[in-house]
Each structure stands twice: as C-alpha cells, then as structure tokens.
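Every letter in the sequence shown is one number past the one before it in this note's numbering, and letter 54, counting from 1, is 58.
Structure first, then comments.
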Amino acid sequence: MAFIELKNVSVLFPIYDSSTRSLKNRILPAGLGGRIGSSDGHASVVEALTDVNLKFEHGDRVGLVGHNGAGKTTLLRLLAGLYEPCMGEAIIQGHIAPLFDISLGMDPEATGYDNIFLRGLFLGLTHKEVMARMDDIAAFTDLGEFLNLPIRTYSAGMRMRLAFAVSTSIKPDILLLDEGIGAGDAAFMEKAEKRLAGFTAQAGIIVLASHSDGLIRKMCNTAVLMNRGQVVATGDVENVLKIYNDKIRAASNQANPESNEDTENAQLALDLGPSVAEIAAPEGADSLLP
C-alpha cells in the first residue's frame, strides 16, 4: 500500500563561495528559491525546504501549488529519492515512478536500445523485466532504426519520446508528475496522453506540481500550497487555490494601479516575500533570515 510521510523535513544546499554577496544579491535569490541563511557562520545555505510535515495515503491525488522557486520541484526530487533530508525523516512506501526530469539515467553515447535498459534499471526494473517490456517500449516510441543509434544524434523530441516510453512502462505505487512534460510532435502527444491517462489511473498516490489551476482541479483531490520552501496551507483543492490566488490579488492591490505590469509586480511581491529589512540581518548574525 502506497504511503508517504514527511516529519519536520528540511533540505539545505550549502554555498561556499558567496561570502562577498552584495545586499542586492542577498535579496533577489530569496524570491527565486528557498530562504538564504548561514549554517555555521561561514558557509551560506539555501533552505530549499524548511520543516515540511506532510502525510499522503493510498488514493491521494496531491497538487503542489506555488510560484516558481517555491519548493515544488525540490519536494518532488526528495520524494523520488534524489535528495536526502538534511533534517527530519521521510517515510516512503511503494514503487516510485518519477515522471519529471525523465531523461535522468540516460547516456547520450549509448544507443536507444541501451538507454531503454539504463532508464529501466534507474526506475528499479530488473534486467528480465526490461527485456519483457523491450518490444512494447520500442514500438511505442515510433523511432524505428534510430533506436540502433546513439541518442546524441536524436532531436530533443526524439529523446523525450524514448524517455517517456520507458518511464510509463512500469506500474507505479507513487507517481510524481510535473506539468512541463512534453513528448514530441502533436501526433505522438495524442498517443502519449492516452497512455498517461491509463498510467495515472494505476498509481496509489499521485503528486503533481503545476501552475495550472485547471489541471490541479482535474487531477487532484487535495492540494499543498508552498512558498519559499515551506508549506503554507494544505487541504481541499478549492480552498488552497483560493488562498494562493487571494495572495496574488492582495499583492496586486499594493502595486501601482497606473502600471501596465501589475500582474508581474504582484507575482514578484509574492515571490520576494519579506522586506529588505527582514532579509538583511546584522553582521555576524546566525542567519540572514528570521
């Protein structure tokens, strides 16, 4: 049975060459990712996720909501096992299928057939299981004789076809999705959408990161709002989307009403979060942020 529980999970990325950052450089990255602080008074760290507590069970379809840099992709990578918690505990039960960064585990110098093996092994399949799926995967890609060539000779769309075909050949307990998936031309996309619909129906838990309210409403039965690496709200999809959109409107109302860039200014205000005074801590402080 699929199960996910995160207990006080934090993910930190140390930055060892940022001691000479200007005040401007301290402010701008704070809106583009997690919070910026200091780990020991010497090395700065980006707090990509901070004290995250979440619990998902079989049947949950979870939408991750938030601006660019809010922590959605970092959370997906944590759930996929690509990142380890620096603090806290991540309890994950079930076979995970990460359908983001789907070219991970592929070698540009290897042939298409070889990369089917590499990607399959990366996804946790055995050699025998990959062999059993080989013909179906190859047929789905529509790449024909190109599968005998190194994938460095492929176009971006051809590589995406190959990765997508392998990634959707397994039966996942936990499916991790990013809305930015593309799989080639329009004809192939139609076939890919049908395959993806059946693929998602098999998953016990789905976690989807998206900027589309419509897609979240269509696919999810619960939502998580993130901001600067922290969970701001969880629960009913409509309630969480309302909180997020209300924050954007509130920020928009503070923008110059005569400006033609109100929407952009609202998103920037939401992204940047605290004021300059809050970010610029005194010299020698333990953290650049409260």
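Glycine included, every Cβ here is placed at the ideal spot set by N, Cα and C.
Could you tell me the alpha carbon to alpha carbon distance between residue i and residue j, rounded to whole angstroms?
i, j, result
"Ala34", "Gln234", "Unreliable placement is indicated for Ala34, whose pLDDT of 49 sits below 50; the coordinate value is still reported in the next sentence. Their Cα atoms are separated by approximately 13 Å."
"Leu53", "Ile252", "22 Å"
"Leu181", "Ala213", "6 Å"
"Ala205", "Arg221", "16 Å"
"Lys59", "Glu133", "31 Å"
"Asn12", "Pro18", "19 Å"
"Gly73", "Met230", "9 Å"
"Ile210", "His62", "9 Å"
"Ala201", "Val56", "30 Å"
"Arg165", "Phe192", "8 Å"
"Ser3", "Pro112", "As shown, the chain starts at 5 and ends at 294. That puts residue 3 outside it, with no answer to give."
"Pro89", "Ala142", "37 Å"
"Ala255", "Val244", "17 Å"
"Gly128", "Leu153", "24 Å"
"Leu151", "Thr130", "20 Å"
"Ser107", "Phe144", "17 Å"
"Asn257", "Phe126", "48 Å"
"Asp250", "Thr238", "15 Å"
"Ile247", "Arg232", "16 Å"
"Glu183", "Ser48", "32 Å"
"Val50", "Thr78", "12 Å"
"Phe7", "Ile174", "18 Å"
Can you check which of these residues, the options, is closest to residue i by C-alpha distance?
i, options, result
"Leu80", "Thr157, Asp105 and Met193", "Asp105"
"Pro176", "Glu61, Gly208, Ala114 and Gly218", "Gly208"
"Val236", "Gly70, Asp217 and Glu242", "Gly70"
"Ala227", "Arg165, Asn249, Gly67 and Ala196", "Gly67"
"Ala300", "Phe121, Ile247, Leu103 and Leu147", "Outside the displayed range of the chain (5 to 294) lies residue 300, so it cannot be described from this structure."
"Gly92", "Val15, Phe168 and Gly85", "Val15"
"Thr5", "Arg65, Gly75, Asn249 and Gln97", "Correcting the residue type first, residue 5 is Met in the shown sequence and not Thr. Of Arg65, Gly75, Asn249 and Gln97, the residue nearest in Cα terms is Gln97."
"Val170", "Ala94, Asn257, Arg65 and Gly116", "Gly116"
"Arg163", "Ile174, Met110 and Leu179", "Met110"
"Glu9", "Leu86, Ala94 and Gly75", "Ala94"
Quick one: grab the DSSP three-state call for residue i.
i, result
"Met164", "helix"
"Thr115", "strand"
"Met223", "helix"
"Arg65", "strand"
"Asp217", "helix"
"Ile106", "coil"
"Leu181", "strand"
"Asp146", "coil"
"Asp250", "helix"
"Asp240", "coil"
"Lys175", "coil"
If residue i and residue j are in contact, beta carbons under 8 Å, what's the gap, nearest whole angstrom?
i, j, result
"Leu83", "Ile100", "7 Å"
How would you call residue i, buried or exposed, if buried means at least 16 neighbouring beta carbons within 10 angstroms?
i, result
"Arg123", "buried"
"Ser216", "exposed"
"Ala196", "buried"
"Gly148", "exposed"
"Gly218", "exposed"
"Thr172", "buried"
"Arg156", "exposed"
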